[in-house]
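Student: First the structure, then my questions, so here it is.
Residue numbers (this note's numbering): 163 to 384.
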């Protein structure tokens, strides 16, 4: 029995590890299985206290199947990594890269200390370091931003759902989009019916993220 228990314990560790984000967001398979962990900032949260520099992650959900935009800000390296994903681009199919249509568009830019300071100030002015809206439900077929940030050695999680007063008070979104050089147009928030989004009522099947105390419910901090 001890061998059997050890086996199942090992399987559990493998499953959990496979769902915890450890890098490789550009890979569509990795992204699918670690998306919740990525949004929750598990990798940032783990090293935050000893990081020695700020590290931010902003995620825009413009109806998940249509568009997501991610911005990873690295203060120690002075860079921003951006990834925009959405509907598969079948023109990118090739024998060498069968996952190409789902990889999205990525970019990486170097930024000045002033830009990093502006991003930090926009984070603060957007109340991202204040308590998160506990219980807020983020459905994948809605428009929202999430923030996972390591600021001065402390970890913060927050979320902004459209439409809301908190959304209107955000300032980091305009700044990030002004720095975005992917060339992919933003899926702007707009009122849409389930039929507009899904095509038929029988296909309506959004997934849910729910905000906890300092993260997503069901994950660390939630």
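Even for Gly, the Cβ is constructed at its ideal location relative to N, Cα and C. These numbers were taken from a predicted model, which means no experiment stands behind them.
Report the partner residues of residue 322 according to the DSSP bridge assignment.
Tutor: Within the chain shown, the letter at position 160 stands for residue 322. Looking at the DSSP assignment, residue 322 forms a beta bridge with 307.
Student: Going by DSSP, what residue range makes up the alpha helix (DSSP H) through residue 359?
Tutor: As a position in the chain shown, residue 359 is number 197, starting the count at 1. Run containing residue 359: 356-360, per the alpha helix (DSSP H) assignment.
Student: Can you tell me whether residue 260 is buried or exposed, with buried defined as 16 or more other CB within 10 angstroms of its CB?
Tutor: Taking the first residue of the chain shown as position 1, residue 260 is located at position 98. Bear in mind that the predicted position of residue 260 carries a pLDDT of just 49, short of 50, making it too unreliable to give a figure here.
Student: Just tell me which of 245, 367, 234 has its CA closest to the CA of residue 312.
Tutor: For the purposes of this step, residue 312 is taken as the residue at position 150 of the chain shown. Proximity to residue 312 across 245, 367, 234 peaks at 234, based on C-alpha coordinates.
Student: How many Å lie between residue 385 and residue 350 at the Cα?
Tutor: The question about residue 385 has no answer, for the chain in this structure spans 163 to 384.
Student: Does the separation of the CB atoms of residue 216 and residue 185 fall below 9 Å?
Tutor: If you number the chain shown from 1, residue 216 lands on position 54. If you number the chain shown from 1, residue 185 lands on position 23. Their beta carbons are not under 9 Å apart, which means residue 216 does not touch residue 185 by this criterion.
Student: Between which two residues does the alpha helix (DSSP H) carrying residue 130 extend?
Tutor: Because the chain spans 163 through 384 in this model, residue 130 falls outside it and cannot be assessed.
Student: Quick one: any contact between the region 282-297 and the region 369-384, if contact means 3 or more CB pairs under 8 Å?
Tutor: yes
Student: Kindly list the residues whose CB is nearer than 8 Å to the CB of residue 285, restricted to its own chain and excluding five residues on each side of it in sequence; keep chain order.
Tutor: Position 123 of the chain shown, counting from 1, holds the residue named residue 285. Cβ within range, chain order: 218, 291, 309, 311, 313, 334.
Student: List the whole-angstrom C-beta distance separating residue 344 from residue 246, where the pair is believed to meet the contact cut-off of C-beta under 8 Å.
Tutor: One-based indexing of the chain shown puts residue 344 at position 182. One-based indexing of the chain shown puts residue 246 at position 84. Between residue 246 and residue 344 the Cβ distance is about 5 Å, and since that is below 8 Å, they are a contact.
Student: Does residue 286 come within less than 9 Å of chain C when only Cβ atoms are used?
Tutor: Of the protein chains in this structure there is only one, and it is not chain C.
Student: How big is the Cα-Cα spacing for residue 213 and residue 207?
Tutor: Along the chain shown, read from residue 1 onward, the residue named residue 213 stands at position 51. Along the chain shown, read from residue 1 onward, the residue named residue 207 stands at position 45. Each residue's Cα considered, the two are about 10 Å apart.
Student: Straight-line CA distance for residue 176 to residue 211?
Tutor: Indexing the chain shown from 1 puts residue 176 at position 14. Indexing the chain shown from 1 puts residue 211 at position 49. With a pLDDT of 44 at residue 176, under the threshold of 50, the modelled position of that residue is not reliable, and the figure given next carries that caveat. One C-alpha to the other measures close to 26 Å.
Student: Taking the alpha-carbon positions, what's the residue 223 to residue 240 distance?
Tutor: Along the chain shown, read from residue 1 onward, the residue named residue 223 stands at position 61. Along the chain shown, read from residue 1 onward, the residue named residue 240 stands at position 78. C-alpha separation (whole angstroms): 25 Å.
Student: Which residue marks the beginning of the beta strand (DSSP E) containing residue 219, and which one marks its end?
Tutor: The sequence position of residue 219 within the chain shown is 57, counting from 1. Taken as a continuous stretch (DSSP letters only), the beta strand (DSSP E) holding residue 219 covers 217-224.
Student: Which partner residues of residue 317 appear in the DSSP bridge assignment?
Tutor: Within the chain shown, the letter at position 155 stands for residue 317. Answer is 312, bridged to residue 317.
Student: For residue 266, which beta-bridge partners are listed by DSSP?
Tutor: Sequence index remark: in the chain shown, residue 266 carries index 104 (1-based). Partner(s): none; residue 266 has no beta bridge.
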